[in-house]
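Note sheet for the following structure.
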Amino acid sequence: MSTAQLDTMMEFSQARAEAYLHIAKTMVMNEFGPATEHTHTEVAVSLATAMMQHEGSQIVADAFRSVES
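Numbering of the sequence shown is given in the working numbering, commencing with residue 237 and proceeding in unit increments.
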């Protein structure tokens with residue numbers, strides 16, 4: 237894999253992580269109110285991390301299914 241391809245993958249990964257963090261922050265604010273935006277940053281980051289891990293496990297599972305078929 238070339239450096240340019242790795243750079244592109246990194247940019248996509250970073251954009252996806254930022255999108256998940258934005259979604260998680262929105263979920264935390266909707267659940268607990270805007271006053272918690274700064275006090276529950278750890279919750280939002282943990283939630284975003286869990287969503288990304290879930291997405292990753294789905295990608296791996298889909299890859300295994302396609303190989304087995």
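Just so it is clear, CB atoms sit at the ideal spot from N, CA and C, and this is done for glycine as well.
Run through DSSP, which three-state label would His276 get?
-> Counting from 1 along the sequence shown, the entry for residue 276 is found at position 40. The answer is coil: DSSP assigns His276 none of H, G, I, E or B.
Could you tell me the distance, in whole angstroms, from the CA atom of Gln250 to the CA atom of Leu257?
-> Residue mapping note: residue 250 aligns to position 14 of the sequence shown, counting from 1. Residue mapping note: residue 257 aligns to position 21 of the sequence shown, counting from 1. Each residue's alpha carbon lies about 10 Å from the other.
Inspect the beta-carbon positions of Met288 and Ala240 and report whether they are closer than 8 Å.
-> Along the sequence shown, read from residue 1 onward, the residue named residue 288 stands at position 52. Along the sequence shown, read from residue 1 onward, the residue named residue 240 stands at position 4. No, the pair does not count as a contact, with Cβ atoms beyond the cut-off.
Does the Cβ-Cβ distance between Leu283 and Ala260 come in under 8 Å?
-> In the sequence shown, counting from the first residue as 1, residue 283 sits at position 47. In the sequence shown, counting from the first residue as 1, residue 260 sits at position 24. Yes, these two residues count as a Cβ contact at 8 Å.
Please specify which runs of the alpha helix (DSSP H), each continuous and at least 4 residues long, are wholly inside the segment 237-291, giving them in chain order.
-> For the segment 237-291, the continuous alpha helix (DSSP H) assignments of 4+ residues that do not extend past its boundaries occur at 239-268, in sequence order.
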